[in-house]
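Residue numbers (the working numbering): 447 to 539.
Where a beta carbon is used, it is the ideal one built from N, C-alpha and C, also for glycine.
Written out as structure tokens, the structure reads:
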């Protein structure tokens with residue numbers, strides 16, 4: 447599976463997991479240099495899994511909060527602990 451943003455592969459792995467309708471990639475399969483920590487909102491702080499959103503960036507181009515990771519997942523999300531999920535402008539194929 448690949449995560450593609452603006453024609454560029456930002457994650458590539460055959461070890462992805464589908465959890466809750468979202469595809470998660472192991473962190474070592476993600477080009478983390480293209481992700482920038484997004485500031486946490488009050489709603490983010492309410493998440494029981496310790497969500498951290500990321501902006502996908504390259505040069506001047508940016509897709510705000512198009513990736514996320516659970517930094518302290520409870521049982522239901524433990525299988526994707528610190529893995530990266532994508533949505534919005536990121537195509538998964």
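Check                                                                                                                                        : Outcome
What does the alpha-carbon distance come out to for the pair residue 492 and residue 498?                                                    : 12 Å
Please go through the segment 502-531 and give each complete beta strand (DSSP E) segment of 3 or more residues, from N-terminal end onward. : 507-516
Helix, strand or coil for residue 484? Go by DSSP, reduced to three states.                                                                  : coil
Is residue 507 buried or exposed, if buried means 16 or more other CB atoms sit within 10 Å of its CB?                                       : exposed
Cα-Cα, which of 467, 454, 448, 453 is closest to residue 460?                                                                                : 448
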